[in-house]
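Asker:
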């Protein structure tokens, strides 16, 4: 097993500075500890744990896709007697074996942001509606292009070859929003629409976004729409376009709504992004673990959905008819990172 990374304990002191003997332990396991999204998620979990008098232990993979470290973290949390685990899984299907071990041991497991495959492998999921997040930026891009959407050349900058659920949902949502017929909605890359130049993976970071964009530009230098899994990948794609003088004539859309991404909307680097709310996901997750530890109550889903929806908002300074949005100034008030 790979060495566990970034282990942090938040211990809240009780009266007279003593640690409560009744303190409940929870674990937060994220894909990395460098992406601003997960940094904010950790802040939300820590703040709520402190408020509720809980002990929080945090773990993260070395990179997005570090499945083995996440499995080792789950095993550690079971041995430590954690009452609950908040998990953003790198491999949403392979992790289910370890998740089952935790649940069999009486640990409440809540997926944050990224649903497991199948979704009911976890006790609950607190997440953005990632399909809707993708659909919003797809509709915006199609509306921005107008009649020229029929002639678009689209680069799809995805996350990982394992196609975790968040990766698939955002990709497929974007395509549907843009008006492209889906193949199997449970995976990306099988669509036949000639407007799609191709898919490449980014690992959700800037360098990956730059390399993926370079690869797809080599395939078709006339690309004029770029979908990206997240804003760091979008920043990398922009740099690749800038290096060939094409940064002004290509629409880049993304998902996250972090402060750097919102600033990139303001600066024209990103045309539109879908903002999600990681602090809320994590704080609600910690509350749910506290309730489970107290009386065995499990969290309820949002009406009509198989998860608890923590919200999503489109941010752009170039609104289009029929797509609700807010501008970058308002987005900056709500951003994170």
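Numbering (my numbering), first residue to last: 1140 to 1476.
The C-beta atom is built at its ideal place from N, Cα and C for all residues, glycine as well.
Please confirm if the region 1335-1354 is in contact with the region 1237-1247, defined as three or more CB-CB distances below 8 Å between the two stretches.
Answerer: With the cut-off at 8 Å, the region 1335-1354 and the region 1237-1247 do not touch.
Asker: Starting from the C-beta of residue 1302, find all residues in its chain whose C-beta is less than 7 Å away, skip the five residues before and the five after it, and write them out in chain order.
Answerer: For the purposes of this step, residue 1302 is identified with residue 163 of the chain shown, where counting begins at 1. The residues are 1326, 1327.
Asker: Between the alpha carbons of residue 1223 and residue 1166, how many angstroms are there, rounded?
Answerer: Counted from its first residue, the chain shown places residue 1223 at position 84. Counted from its first residue, the chain shown places residue 1166 at position 27. Taking the straight line from one Cα to the other gives about 6 Å.
Asker: Between 1476, 1279, 1356, which lies nearest to residue 1384 when the distance is taken from Cα to Cα?
Answerer: Numbered from its first residue, the chain shown carries residue 1384 at position 245. Checking every option, the nearest Cα to that of residue 1384 belongs to 1356.
Asker: Flag this pair as touching only if the region 1277-1285 and the region 1200-1208 have three or more C-beta atom pairs under 8 Å; answer yes or no.
Answerer: Judged by Cβ distances under 8 Å, the region 1277-1285 makes no contact with the region 1200-1208, as fewer than three pairs qualify.
Asker: Touch check for the region 1411-1424 and the region 1249-1257: three-plus C-beta pairs under 8 Å?
Answerer: They touch, by the three-pair rule.
Asker: Looking at the strands, I want to know which residues DSSP matches up with residue 1187.
Answerer: Here the question's residue 1187 lines up with position 48 in the chain shown. The partner list for residue 1187 (beta bridge, DSSP) is empty, contrary to what the question assumes.
Asker: Out of 1395, 1386, 1411, state which residue places its alpha-carbon closest to the alpha-carbon of residue 1343.
Answerer: By 1-based counting over the chain shown, the position of residue 1343 is 204. Ranking the options by Cα distance to residue 1343, first place goes to 1395.
Asker: Residue 1406: which of 1461, 1455, 1311 sits nearest, CA to CA?
Answerer: Locating residue 1406 in the chain shown gives position 267, counting from the first residue. Measuring from the Cα of residue 1406, the nearest candidate turns out to be 1455.
Asker: If you count every other CB in all the chains shown that lies within 10 Å of the CB of residue 1218, and 16 or more means buried, which is it?
Answerer: Along the chain shown, read from residue 1 onward, the residue named residue 1218 stands at position 79. Per the 10 Å Cβ criterion, exposed.
Asker: Whose CA, out of 1267, 1402, 1323, 1366, lies closest to the CA of residue 1472?
Answerer: Working through the chain shown from its first residue, we reach residue 1472 at position 333. Comparing Cα positions, the closest option is 1402.
Asker: With H, G and I counted as helix, E and B as strand and the rest as coil, what does DSSP make of residue 1409?
Answerer: Taking the first residue of the chain shown as 1, we reach residue 1409 at position 270. Looking at residue 1409 - three-state DSSP - the assignment turns out to be coil, as it is neither helix nor strand.
Asker: Would you mind stating whether residue 1323 and residue 1363 have Cβ atoms separated by less than 8 Å?
Answerer: The residue you call residue 1323 lines up with position 184 of the chain shown. The residue you call residue 1363 lines up with position 224 of the chain shown. The answer is no: Cβ separation not under 8 Å.
Asker: Apart from the five residues on each side of it in sequence, which residues of its chain come closer than 8 Å, Cβ to Cβ, to residue 1181?
Answerer: Here residue 1181 refers to the residue found at position 42 of the chain shown. These residues qualify, in order along the chain: 1147, 1167, 1169, 1172, 1197, 1421.
Asker: Please state whether the Cβ-Cβ distance between residue 1429 and residue 1163 is less than 8 Å.
Answerer: As a position in the chain shown, residue 1429 is number 290, starting the count at 1. As a position in the chain shown, residue 1163 is number 24, starting the count at 1. Taking 8 Å as the Cβ cut-off, residue 1429 and residue 1163 qualify as a contacting pair.
Asker: When DSSP builds the beta bridges, which residues end up paired with residue 1288?
Answerer: Residue 1288 sits at position 149 when you count from the first residue of the chain shown. None, per the DSSP bridge assignment.
Asker: Pick helix, strand or coil for residue 1397, following the three-state DSSP scheme.
Answerer: By 1-based counting over the chain shown, the position of residue 1397 is 258. Residue 1397 falls in the strand class under three-state DSSP.
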